[in-house]
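Enquirer:
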Amino acid sequence: MEYQTTIDKPFTLSGPGLHTGKFTHATMLPAPADSGIVIRRTDITPNIDIAALAEYVVDTNHGTTIGHDGVTVSTIEHLMSSLRGMSVDNALIEVDGPEIPILDGSARMWIDQIAASGIVTLDTERRYYSIQSPVVWRDAERNIELVAEPADTFSVESTIEFQSDLIGNQTATLDSLDQYQSDIARCRTFVFLHEVEILLAHNLIKGGDLENALVFVDKPLGDEEKQRLASVFNKDKDSIHVHNGVLNTIEPYFANEPARHKLLDFIGDISLVGMPLKARFKLRCPGHYANTQLAKIIRNQVVNQAIKQ
Ligand SMILES: [Zn+2]
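My numbering numbers the first residue of the sequence shown as 52 and each following residue consecutively.
#1: Go through its chain and collect everything with a Cβ distance to VAL207's Cβ below 6 Å, but skip five positions before and after it.
#2: For GLN214, name the three-state secondary structure that DSSP assigns.
#3: Using the beta-carbon count (16 or more within 10 Å), is GLU128 buried or exposed?
#4: Would a C-beta distance cut-off of 8 Å place LEU244 and LYS277 closer than the cut-off?
#5: Here's the rule: buried if 16 or more other CB atoms are within 10 angstroms of the residue's CB, otherwise exposed. What is TYR231?
#6: Just verifying my parser: in three-state terms, what is the DSSP assignment at PRO67?
#7: In angstroms, rounded to a whole number, what distance separates the CA positions of ASN342 and GLY319?
#8: Could you tell me whether the Cβ atoms of ALA378 and PHE205 are closer together than 8 Å?
#9: Using a Cβ-based criterion (distance less than 7 Å to any ligand heavy atom), does GLU246 qualify as near ligand 1?
#10: Taking only three categories from DSSP, how would you classify ASN220?
#11: When the Cα atoms are used, what is the spatial distance from LEU80 to PRO185?
#12: Under a three-way DSSP split, which group does GLN183 fall into?
#13: Is there contact between the segment 142–159 and the segment 70–79, where contact requires at least three CB pairs shorter than 8 Å?
#14: Between THR126 and ARG239, what straight-line distance do the alpha-carbon atoms span, to the nearest angstrom?
#15: What are the boundary residues of the beta strand (DSSP E) that includes LYS40?
#16: According to DSSP, what are the bridge partners of THR172?
#17: Is ASP316 a contact residue of ligand 1, with contact defined as CB to any heavy atom under 7 Å?
#18: Would you say ARG237 and ARG159 are within 8 Å of each other, going by their C-beta atoms?
#19: When every heavy atom of ligand 1 is checked, does at least one fall within less than 7 Å of the C-beta of GLU128?
#20: Looking only at its own chain, which residues have a Cβ that is under 8 Å from the Cβ of VAL109, when we skip the five neighbours before and after it?
#21: What are the boundary residues of the alpha helix (DSSP H) that GLU308 is part of?
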């Protein structure tokens, strides 16, 4: 028999949110069995608790946002991915603002802190939800197909397809959550340079700093543009350079880091089912909207099964 887990000691990670730029503190605390993952806004009186479940997803533009009673928390996906990736079933996350800190754009700092805190076993059995027959979510126009098939364990195979020589078609696989820490957790988010300009024009990515995303340079980068990016991101113009198509002071960890990051995001989004899953996922062009739609379908199955019992 497997037992549920939580973390041992509380810890705090702080920093700006990617989109709002708001500096927040996110504190993870131990939680009792069967409480799941709950995110609490502590800057609001009385505090508002939002269960990290698919039915509370309110927005999936540039990240996954959950909300309750008109109060929201954005960009929860890397935090959620770290919890599922580390098999932490129960935790309370207190945050004093509307967005989880982006940190380095991956789940690395979360898993490092969870490992340092320690994971403790509770005395309540861990229950899995097993997919009974294939579940498919498809958007043919956008070339998206997410499939969940019955299996004895949790695994993901994820392919991304971009009309760009810089990324092109990439596949990432996870055969077991045992590989999460070494192969997935530190893979950072990515963006194309032309998208950076659109996001900036919409007053988003205020917390972006060229260290928390791989920026793929898909258009000529002139001196004037370099100067503009340097001033937006508080950099020296001469520190902005392009290496192997990536604009940054950072180097990719893996050739297929974008595909691995999409897999990281998926693990976070699908964890909104609220239970660990036994399923084999095959993903083509996953994204937050599609991921959370699939999570909602499976979440409905879980809820209906619970009602029948
Ligand atoms: Zn992400």
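The C-beta atom is built at its ideal place from N, Cα and C for all residues, glycine as well.
Expert: Taking the coordinates as given:
#1: Position 156 of the sequence shown, counting from 1, holds the residue named residue 207. Result list for VAL207: LEU225, LEU314, PHE332, in chain order.
#2: As a position in the sequence shown, residue 214 is number 163, starting the count at 1. For GLN214, the three-state secondary structure derived from DSSP is coil.
#3: Along the sequence shown, read from residue 1 onward, the residue named residue 128 stands at position 77. With 16 or more other Cβ atoms inside 10 Å of its own Cβ, GLU128 counts as buried.
#4: Counting from one through the sequence shown, the residue named residue 244 turns up at place 193. Counting from one through the sequence shown, the residue named residue 277 turns up at place 226. No.
#5: To locate residue 231, count along the sequence shown from 1; it is residue 180. By the 10 Å Cβ count, TYR231 comes out buried.
#6: Position 16 of the sequence shown, counted from the start, is the residue given in the question as residue 67. For PRO67, the secondary structure class from DSSP, reduced to helix, strand or coil, is strand.
#7: The count along the sequence shown starts at 1 and reaches residue 342 at position 291. The count along the sequence shown starts at 1 and reaches residue 319 at position 268. Taking the Cα positions, ASN342 is about 9 Å away from GLY319.
#8: An answer regarding residue 378 cannot be provided, because it is not within the stretch 52 to 360 covered by the chain.
#9: As a position in the sequence shown, residue 246 is number 195, starting the count at 1. GLU246: no, Cβ never under 7 Å from ligand 1.
#10: Within the sequence shown, numbered from 1, the residue matching residue 220 stands at position 169. Residue state for ASN220 is assigned as strand, using DSSP reduced to three classes.
#11: The count along the sequence shown starts at 1 and reaches residue 80 at position 29. The count along the sequence shown starts at 1 and reaches residue 185 at position 134. If you take the alpha carbons of LEU80 and PRO185, they lie about 36 Å apart.
#12: In the sequence shown, the residue the question calls residue 183 occupies position 132. Here DSSP, grouped into helix, strand and coil, assigns GLN183 to coil.
#13: Output reads yes: the segment 70–79 touches the segment 142–159.
#14: By one-based count along the sequence shown, residue 126 stands at place 75. By one-based count along the sequence shown, residue 239 stands at place 188. So the alpha carbons of these two residues sit roughly 14 Å apart.
#15: The requested residue 40 does not occur in the structure, where the chain is confined to residues 52 to 360.
#16: Start at 1 with the first residue of the sequence shown, and residue 172 comes out as number 121. Residue pairing for THR172: DSSP places it in a beta bridge opposite THR56.
#17: By 1-based counting over the sequence shown, the position of residue 316 is 265. The answer is yes for ASP316.
#18: On the sequence shown, residue 237 is found 186 positions in, with the first residue counted as 1. On the sequence shown, residue 159 is found 108 positions in, with the first residue counted as 1. Yes.
#19: The residue you call residue 128 lines up with position 77 of the sequence shown. GLU128 Cβ: within cutoff of ligand 1.
#20: Within the sequence shown, residue 109 is the residue found at index 58, counting from 1. Within the same chain, Cβ atoms closer than 8 Å to the Cβ of VAL109 are found at THR116, ILE117, GLY118, THR123, the five residues on either side in sequence being excluded.
#21: Within the sequence shown, residue 308 is the residue found at index 257, counting from 1. Segment 308–321, the alpha helix (DSSP H) holding GLU308.
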